[in-house]
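**Student:** This is the structure I have questions about; it appears just below.
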Amino acid sequence: MSLTPRTATMRAKMVTTPAICVERLKYMTQSYRETECEPELIRRAKALACILAHMSIRIDEGELFVGNFTSKVRGGAVLPEIKGQWLLDERDTLTTRPFDRYAPLSEEEWAVLEEALPYWRDKELCARHMARLPEYALKVNYKLTATAGFCENGHHWAHCAVDFVKLLTCGAKGVLEEAEEQLHGIDCAQMGQLERYHFFRAVQIALNAMIAYAERYAVLAEQKAAHEENPQRRQELLEIARNCRYVPANPARTFREALQSMWILYVCLTQEGWGAGMTLGRLDQLLYPYYKRDLEAGILTRDEAKELLTLLLIQMNGAVNLQSYVVADGKGGHPIMQGITIGGVTPDGRDAVNDVTYLLLEAERDVGLSSEDLVVRINRLNPERYVVKAVEVARHLHGKLKFVSDDTSIQSMLCLGATIEQARDYISTGCHNPTIPAVARTHGGGMLNYGLITELALNDGRSRLTGEQLGPHTGDPRNFRCFGEVLDAYKAQVAHALEVAFTFQHSDLEMMSHVPCPLQSAFFNSCMETGKDVYNGGCAPHVILQMPIAGAANVGDSLAAVKKVVFDEKKITMEQLINALDADFEGYEEIQHLLERAPKFGNDDDYVDFLLKDVLRYSCDYVKDRRSFGGAHFGTTILTLTANVMFGRNVGALPDGRKAGQPLAEGGISPYQGRNVSGLTATLKSVAKLDQVKLTNGSILNVRVSSDSVATEDKLHKLAMMVRTYCESGGNLVQFNFTSNEVLRAAQQRPEDYRDLLVRVATYSAFFVELGPETQDDIIRRNEFSV
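In the UniProt record's numbering, the protein residues as written are 1 to 787.
Now the structure itself:
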């Protein structure tokens, strides 16, 4: 079954330019002006209540469950408490910039921005965060590192899944009773108890606001039903009213109630803490008991369940993150990365694939938009049919799904202190950050430019492009007499960059404590036990701070070239190498060709593969024992988003043969564009050699595969088995692009004809025509394999 008329209409609406919604800004500002002297927890809860009570709600024709993110079909909310002034600064370019453009705002909407944003000018956290950072850190921002965490991104770092099981089994009223019991046990005369009192009061305010929000939909559905002439649609509207009046206040009894309850909470969580990486968790595991029971009771058919899940995936595309120019430059394509994790194993170690798993794959095959993000866990216990089906869906959607190794991710979770049951229950949030639902959360942070780190190691800490001293003095590389000295200089530059990143992360994490999220906290296990907000120690020490690496393959290729050409084969001297790099290879083309012919990562060559493994291990080991507030861990990850293009502009020529200003390696752990020339199997084997368990925040491998080469069922099955082998042999995440260069170039020439053409950018999919031309060209340069 493909799209029904209902789902086809809903999907078509989502293929539109994102718009800026000012309602959250308007009502949050209104509430904050009224609560100036109250505790921040209470202010945040009352602000959420004000937003949910006044924001526009709608029930579109054909909807079977309800809850809209904004007043726009596809929109983003302004978060003035974090970063909002940029909208006024960039008002003249919002609709015309080369990537991530927004629909024009009306005069009334601009009036709201101009009236409300000045109230936040001295309050927004981004400005406070940047003002407190030391000068040496700011000097290298967006060159050596990019702060781009919570504050600089301008939205919450929502990399988590709340306790949806608690919602479905207890309902909001059950959690309210829990909060009331906690309040009865608090003696505010005791030191430290007043904060707990405010926390549980804030939880009550937020939960009651969510129940009232659902009631607004119940009333609207009844009003629409009273004027509906179509008997079938009238019954659908009345069912929406019944569901919204019962859930999320009470425990869900049916599949439809479970879906509606989860969605209402999800939308409310977004209003409270809008940001990238919020996830519905292991949806196949959460919904299967209701699905099975309703099927057996005869009140739900498989086709009805699929239509509801299809509508859910479509609805997820109603939200985007609003991003300033500099942030969008590093992660273009309007990514919000709303994950749904399927498959894998149960907490007790059994195969977790069920019929809802397949229904979600079938629904995603029909939807194929950019914001819903299906993550396919691969475990040796999973049936072959499941893996093949997932690869077939990925092929149909030009490569949209993520394939994740259970072996690697579970081991990474164990390294971070999870129990085996918790580790088996992991979800993938954001780009790909293995996370324990309702226990842990990941905090995205400043990306590290490892291409520039390599340059600094070979230029005494100075930028070749600007002459700035961006790293420590590590000596004139012309005087290096052995490869060990090169490695020592490289490690010194890595250590310096990581220390700068620690500085950014500590400040960013501390800033988060100023924007508590009581509704989210109500569905985090330890928050309700301790009476602490999720952003203020409530889930410590289960917070993992990302340390993302960009340009990893350039490091391996560059160091291998220096070792091979200069020290092993002695074809050139260090002085000749440095002269060539200083000249951007102009007049040194023979040296450039020598370097280009050195071993390159992605070709199953131990010479470079194990060298890269060793230098990455250094970064992982450097951060593993460091802690931040509340005992938060640091976790290394290898990903780039579109920062490989942005960072590449700041990097001079490298010993791998890359010229100044060119993009760095894309994706994350992907080989440099065009260098993995030995086939797909060789690329997978190279990446699998790396110790990816140590990359506790995940790693990303992008692979382009010719769609013609997997056109037959035999070839599709072969690719599925390659995915399985990779996941069982030390790999982590692999994802595909199946779109030919001919199609991509046609989309560049005629974007209006390819409005919903999806591509894998890095750790997310985006509409190709919404990306900037540099990123589009970077995708076209990636090697294409046959299976």
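Cβ atoms here follow ideal geometry from the backbone N, Cα and C, with glycine treated the same way.
All figures in this text were calculated on a predicted structure; none of them were measured in a lab.
Here's a check: name, in chain order, each residue in its chain whose Cβ is nearer than 6 Å to the Cβ of Tyr588, leaving out the five neighbours to either side.
**Tutor:** Taken in chain order, the residues that qualify are Ala580.
**Student:** When burial is assigned at 16 or more other CB atoms within 10 Å of the CB, is Asn230 buried or exposed?
**Tutor:** With fewer than 16 other Cβ atoms within 10 Å, it is exposed.
**Student:** Tell me whether the beta-carbon of Pro251 lies closer than 8 Å to the beta-carbon of Cys170.
**Tutor:** Yes.
**Student:** To which residues of the same chain is Arg395 closer than 6 Å at the C-beta, ignoring the five residues directly before and after it?
**Tutor:** Cβ within range, chain order: Val710 and Phe738.
**Student:** Just the C-alpha distance for Glu307 and Tyr136, rounded to the nearest angstrom, thanks.
**Tutor:** Distance between the alpha carbons of Glu307 and Tyr136: 54 Å.
**Student:** Locate the beta strand (DSSP E) running through Gly76, then write down its first and last residues.
**Tutor:** Gly75 to Ala77 is the span of the beta strand (DSSP E), which, as asked, contains Gly76.
**Student:** Along the chain, where does the alpha helix (DSSP H) that runs through Gly171 open and close?
**Tutor:** Start and end: Phe164 to His184.
**Student:** List the residues that DSSP assigns as beta-bridge partners of Trp86.
**Tutor:** BP columns for Trp86 are empty, so no partner.
**Student:** Quick one: give me the first and last residue of the alpha helix (DSSP H) that Ala8 is part of.
**Tutor:** Pro5 to Met14 is the span of the alpha helix (DSSP H), which, as asked, contains Ala8.
**Student:** Sorted by chain position, which residues of the same chain lie with C-beta nearer than 8 Å to Ala746's C-beta, five sequence neighbours on each side aside?
**Tutor:** Cβ neighbours of Ala746 beyond the five flanking positions: Asp753 and Tyr754.
**Student:** Could you round the C-beta distance between Phe255 and Leu300 to whole angstroms and report it? I think they count as a contact, below 8 Å.
**Tutor:** Correct: roughly 5 Å between the Cβ atoms.
**Student:** I'd like to check one pair, Leu733 with Ala632: are the Cβ atoms closer than 8 Å?
**Tutor:** No.
**Student:** To the nearest angstrom, how far is it from the Cα of Gly538 to the Cα of Met528?
**Tutor:** Those two C-alpha atoms are separated by around 8 Å.
**Student:** Would you kindly report the start and end of the unbroken alpha helix (DSSP H) that includes Pro548?
**Tutor:** Careful: Pro548 lies outside any alpha helix (DSSP H), inside the beta strand (DSSP E) at Val543 to Ala550.
**Student:** If contact is defined by three or more beta carbon pairs under 8 Å, each pair taking one atom from either stretch, is the region 207-225 in contact with the region 46-63?
**Tutor:** The region 46-63 vs the region 207-225: in contact.
**Student:** Less than 8 Å between the C-beta atoms of Ile544 and Thr696, yes or no?
**Tutor:** In contact: Ile544 and Thr696 (Cβ atoms closer than 8 Å).
**Student:** Going by DSSP in three states, Leu237 sits in which element: helix, strand or coil?
**Tutor:** Helix, per DSSP.
**Student:** Using the C-alpha atoms, what's the distance from Ile578 back to His155?
**Tutor:** Straight-line Cα distance between these residues: approximately 42 Å.
**Student:** Apply the 10 Å Cβ neighbour rule to Asp425 and answer buried if 16 or more other Cβ atoms are within range, or exposed otherwise.
**Tutor:** With 16 or more other Cβ atoms within 10 Å, it is buried.
**Student:** Measuring CA to CA, which of Leu716, Asn676, Asp366 and Ala146 is closest to Lys331?
**Tutor:** If we check each option's Cα against that of Lys331, Ala146 comes out closest.
**Student:** Which value, in whole angstroms, describes the spacing of the CA atoms of Pro289 and Leu295?
**Tutor:** Roughly 10 Å separates the two Cα atoms.
**Student:** Give, in chain order, every unbroken run of the alpha helix (DSSP H) that is at least 4 residues long and sits entirely within the region 551-608.
**Tutor:** Segments of the alpha helix (DSSP H) lying fully in the region 551-608: 552-561, 574-582 and 589-596.
**Student:** Under the rule that 16 or more other beta-carbon atoms within 10 Å means buried, what is Asn479, buried or exposed?
**Tutor:** Exposed, since its Cβ has fewer than 16 Cβ neighbours within 10 Å.
**Student:** Report the partner residues of His156 according to the DSSP bridge assignment.
**Tutor:** Beta-bridge pairing links His156 to Gly275.
**Student:** Output needed for Val367: all residues of its chain with C-beta closer than 7 Å, excluding positions within five of it in sequence on either side, in chain order.
**Tutor:** Result list for Val367: Arg11, Thr310, Leu313 and Ile314, in chain order.
**Student:** By the three-class DSSP mapping on this structure, what secondary structure does Pro118 have?
**Tutor:** Here Pro118 sits in helix by DSSP.
**Student:** Compare the Cα-Cα distances from Val203 to each of Asn644, Gln520 and Tyr27 and report the closest residue.
**Tutor:** When each option's Cα is compared against that of Val203, the closest is Gln520.
**Student:** From the beta carbon of Thr712, is the nearest beta carbon of chain B less than 8 Å away?
**Tutor:** Of the protein chains in this structure there is only one, and it is not chain B.
**Student:** Looking at the strands, I want to know which residues DSSP matches up with Glu107.
**Tutor:** The partner list for Glu107 (beta bridge, DSSP) is empty, contrary to what the question assumes.
**Student:** Give me, in chain order, the residues of the same chain whose beta-carbon lies closer than 7 Å to that of Asn603; leave out the 5 immediate sequence neighbours on both sides.
**Tutor:** Excluding positions up to five away in sequence, the list reads Asn676, Val677, Ser678, Ala682 and Ser686.
**Student:** What number of angstroms, rounded off, separates the C-alpha of Pro472 from the C-alpha of Thr763?
**Tutor:** C-alpha separation (whole angstroms): 32 Å.
**Student:** Would the region 86-104 count as touching the region 323-338 if we require 3 or more Cβ pairs under 8 Å?
**Tutor:** Because the criterion of three Cβ pairs below 8 Å is met, the region 86-104 and the region 323-338 touch.
**Student:** Using only the alpha-carbon positions, how far apart do Leu594 and Gly475 sit?
**Tutor:** Going from the Cα of Leu594 to the Cα of Gly475 covers about 25 Å.
**Student:** Within the chosen definition, does the region 87-96 reach the region 275-282 through at least 3 CB pairs nearer than 8 Å?
**Tutor:** Because the criterion of three Cβ pairs below 8 Å is not met, the region 87-96 and the region 275-282 do not touch.
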